[in-house]
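> Below you'll find the structure I mean.
Residue numbers (our numbering): 82 to 777.
Following this line, the structure appears as structure tokens:
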């Protein structure tokens, strides 16, 4: 008969812990938070030193009733909410609900849900860490003050339903600033020269880099066609001579195991996961996956961490696995055991709870998303304990009279950690063996014009990387921040990159003009340091809140007087509303733009905005290809005769047929340029736009 009670946050976690804790413990879940600030009002007594006025969350009555009943029957109650600031705060709220003393040994935590970790946690209960609770309260109160004080101003001056946030508004400004950089960018012309030469009947390419003057190589900048012509006149168009060979070697060090932000970045790049999806899948892996014959098992350590620290036990277990699976030459001493400076908590990195559970051994037990993320976490962690990859390098200089070309090559001689965690952007380039003085025949010399490109818009990975570098927000907050910007229509995602909307730019301009401190990157980063100081017991939480609120009050007083009503005009179209005869306007909705009648609320007619690309449907031949949006806002292309015609494509169709199979061609733009390829997955025809221009 269970005599003791363990309370966790998640029902899945409760299920996993139940079989590990033993028959003397009953495990129940709060199903998230149980107390919070009220939604309908500020909920903070500013006059009483910013005291929060918490209430039980609406709808949690039955859960609270069950928790109280179970706690009354139990000899001992242990609070096992997640091992971070928020989890600590939920345990503190539970002590109030259940009339427990937070100074008693009521709190247990574990970084991984394994039998040993759970047993050790139960054996070592401790009091609630009020410094962590205060840090979470300070964050919550700051966010509430900024959000609930500035948002009503936006409703009054711009439109209802808008929001401002302590971190959200800074991220919006970063995206808007990048868009301004792009709009103001003026491209500059530059040229490159590539020589295609023969060695052992195989073609290789060498790049031009300078000229020989007085026995010294001077670099040459090719800004115009005239610069290129001058260089071309000085070189021999038929022959290159090998003038110097530099051979060497280099090591490619392994990467650190995952923190929350690096996991989010890598999952976005390799798996195409959004930040939100990454955290949802990681939560499942942490809380427990049902494995036949074993029940629910936690597969990874806690996924909210900014530390790369690894326990000695995990290092030893991983080294044993590497020795057995790959051999001694792949095993290296751990270099990731130190805690990163200014980490939020004393967690380990994100790693497999048991490295012997290989991804392949769990494939049948995991869904596709769970398997792919677990494989990424497992391989990154194991690779972090392996040796560096080794390369032989060659740097070969070739002369064409006074003009100098160069060709570089890398040959992988030992894969090391790459055996487990291959690099996505690996560009090994093997080149022939050369001898100094050797004469090589030139096939052609190709000058090519280029123009500098504007900075790229942020995608999720690059935005998270920047936020981490600037010290803005915390990894656990990145997913909700990005989701808020998208749901408020401040930004849209186009080709997986963030583009500010007119609404987003309007809000950003207003906040920048009237609330400069709250969109300042340095201030927001310093605020994170203040919260860390609260968590470390070095600063009272009220002292972190007070100066921020006083500055906010000054800004608000000025803004109320000076800001005039901002009118965002909807773009009119020539589409006539069939219900009332008005010209419909373009509005922004959750999934992009749509047409709406300007007569709202008298006329509520809406319809999809059809953006034609000027290409006939290749399937039915009658419809036209239009731009559409998926439920998650991703752009795709389909026939406007749907549902009669179901043609769809993620890549943009062009008005041209494949010369090999006759299907329609599509174009796909990547970092390396635009590629034209066949829509038929069984056909391998493709070319680049540069090839296309040569053909024309």
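The beta-carbon is built from N, C-alpha and C at its ideal position, and this holds for glycine as well.
These numbers come from a predicted model, not from an experiment.
How should residue 173 be labelled, buried or exposed, when 16 other C-beta atoms within 10 angstroms of its C-beta is the threshold for buried?
So residue 173 counts as buried.
> Grab me the residues of residue 85's own chain with a C-beta within less than 8 Å of its C-beta, minus the 5 sequence neighbours each way, in chain order.
Around residue 85: 105, 106, 107, 155, 156, 157, 158, 159.
> Rounded to whole angstroms, what is the Cα-Cα separation between residue 688 and residue 162?
Those two C-alpha atoms are separated by around 47 Å.
> Check whether the segment 259 to 273 touches the segment 596 to 610, taking contact to mean three or more Cβ pairs, one atom from each stretch, closer than 8 Å.
Touching, no.
> Check residue 272 in the structure and name its three-state DSSP category.
Three-state DSSP puts residue 272 in a strand.
> Where does the unbroken beta strand (DSSP E) through residue 106 begin, and where does it stop?
Looking at the DSSP string, the run of the beta strand (DSSP E) that includes residue 106 is 106 to 110.
> With DSSP as the reference, please indicate the residues paired to residue 25 in a beta bridge.
Outside the displayed span of the chain (82 to 777) sits residue 25, for which this structure offers no information.
> Using alpha carbons as the reference points, say which of 556, 614, 728 lies closest to residue 342.
The candidate whose alpha carbon is nearest that of residue 342 is 556.
> Going by beta-carbon coordinates alone, are residue 228 and residue 246 separated by less than 7 Å?
In contact: residue 228 and residue 246 (Cβ atoms closer than 7 Å).
> Taking the C-alpha atoms as reference points, what is the distance between residue 426 and residue 188?
Because residue 426 carries a pLDDT of 41, less than 50, the predicted location of this residue cannot be relied on, and the following value inherits that uncertainty. Whole-angstrom Cα-Cα distance: 16 Å.
> Would you mind sorting residue 165 into buried or exposed? The rule is 16 or more other CB atoms within 10 Å of its CB.
When all chains shown are included, residue 165 counts as buried.
> Evaluate the contact criterion for the segment 473 to 484 versus the segment 278 to 296: three or more CB pairs, one atom per stretch, below 8 Å.
With the cut-off at 8 Å, the segment 473 to 484 and the segment 278 to 296 touch.
> With a Cβ-Cβ cutoff of 7 Å, do residue 167 and residue 249 count as a contact?
Going by C-beta atoms, residue 167 is not nearer than 7 Å to residue 249.
> Starting from the N-terminal side, write out each stretch of the beta strand (DSSP E) that is 3 residues or longer and does not extend beyond the segment 566 to 594.
The qualifying runs are 572 to 575, 578 to 581.
> Determine the DSSP secondary structure at residue 306, reduced to helix, strand or coil.
Residue 306: helix per DSSP, three-state reduction.
> Which word fits residue 759, buried or exposed, when buried means at least 16 other C-beta atoms lie within 10 angstroms of its C-beta?
Buried: at least 16 other Cβ atoms inside 10 Å.
> Evaluate the contact criterion for the segment 603 to 618 versus the segment 191 to 208: three or more CB pairs, one atom per stretch, below 8 Å.
Judged by Cβ distances under 8 Å, the segment 603 to 618 makes no contact with the segment 191 to 208, as fewer than three pairs qualify.
> Who are residue 677's beta bridge partners in DSSP?
Per DSSP, 666, 687.
> What does a CB cutoff of less than 6 Å around residue 376 pick up in its chain, not counting 5 residues either side in sequence?
Only 100 meet the Cβ criterion.
> According to DSSP, simplified to helix, strand and coil, what is residue 470?
Residue 470: strand per DSSP, three-state reduction.
> Would residue 318 and residue 545 be called neighbours here (beta carbons separated by less than 7 Å)?
No. Outside cutoff.
> In three-state terms, what does DSSP make of residue 96?
Here residue 96 sits in helix by DSSP.
> According to DSSP, simplified to helix, strand and coil, what is residue 349?
Three-state DSSP puts residue 349 in a helix.
> Whose C-alpha, out of 617, 195, 432, is nearest the C-alpha of residue 386?
Comparing Cα positions, the closest option is 432.
> Between residue 288 and residue 275, how many whole angstroms is the CB-CB distance? I'm expecting something under 8 Å.
That pair is a contact at about 6 Å.
> Do you know whose CA, among 469, 271, 114, 361, lies nearest residue 494's CA?
Minimum Cα distance to residue 494 is reached at 469.
> With 16 as the cutoff for other CB atoms within 10 Å, does residue 762 come out buried or exposed?
Looking at its Cβ environment, which holds fewer than 16 other Cβ atoms inside 10 Å, residue 762 is exposed.
> Quick check on DSSP: helix, strand or coil for residue 134?
Residue 134: coil per DSSP, three-state reduction.
> Grouping DSSP H, G and I as helix and E and B as strand, with all else coil, what is residue 423?
Low local confidence applies: a pLDDT of 42 at residue 423 is under 50, so the model's placement there is unreliable, and no value is given.
> Given that a residue counts as buried once 16 or more other Cβ atoms are within 10 Å of its Cβ, and exposed if not, what is residue 98?
Per the 10 Å Cβ criterion, buried.
> If distances are taken between C-alpha atoms only, which option among 458, 400, 328, 734 comes closest to residue 352?
Here the closest residue by C-alpha is 458.
> Going by the CB atoms, is the gap between residue 745 and residue 699 shorter than 7 Å?
Going by C-beta atoms, residue 699 is nearer than 7 Å to residue 745.
> Can you give me the Cβ contacts of residue 224 inside the same chain, cut-off strictly under 6 Å, excluding the 5 residues immediately before and after it?
247, listed in sequence order.
> Do the CB positions of residue 360 and residue 560 come within less than 7 Å of each other?
It is a contact, given that the beta carbons lie within the stated cut-off.
> Please name the residue in 512, 677, 520 whose C-alpha comes closest to that of residue 322.
Residue 520 is the option with its Cα nearest to residue 322.
> Measuring CA to CA, which of 675, 644, 645 is closest to residue 653?
Ranking 675, 644, 645 by Cα distance to residue 653 puts 675 first.
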